[in-house]
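What follows is a short report on a single structure.
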Amino acid sequence: MVLENKLGLTNSSDLAREEERISKKKAIELFKNGILDKLDAGKFSSLKAIHKYLFDDIYYFAGERRMI
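Each number in the working numbering comes from the position in the sequence shown (counting from 1) with 110 added on.
Right under this line is the structure:
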């Protein structure tokens with residue numbers, strides 16, 4: 111099963127590669143742009159914000175709580 115994604119990918123290996131490529135690039139931005147410094151450490155809301163930042167270009171549910 112491949113998660114529904116904004117990239118239109120249907121192969122799990124392709125999706126995993128793109129997820130890794132994109133999220134690594136976004137993670138570097140989090141550090142370089144000081145975004146992490148603006149978030150409260152240890153808060154669920156901060157984890158949601160990080161997830162949204164890393165995966166928003168890939169998944170519609172980025173930053174949202176899922177029950178799957």
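Note that beta-carbon positions come from the ideal geometry of N, C-alpha and C, so glycine has one too.
- Across the structure, D167 and L125 are spaced so that their CA atoms are roughly 12 Å apart.
- Y169 counts as buried, since no fewer than 16 other beta carbons sit within 10 angstroms of its beta carbon.
- Between A172 and K162, the CB-CB gap stays under 7 Å.
- Counting C-beta atoms within 10 angstroms of its own C-beta, F141 has fewer than 16 neighbours from the protein chains shown and is therefore classed as exposed.
- Around the beta carbon of F165, 16 or more other beta carbons lie within 10 angstroms, which makes this residue buried.
- For A151, the secondary structure class from DSSP, reduced to helix, strand or coil, is coil.
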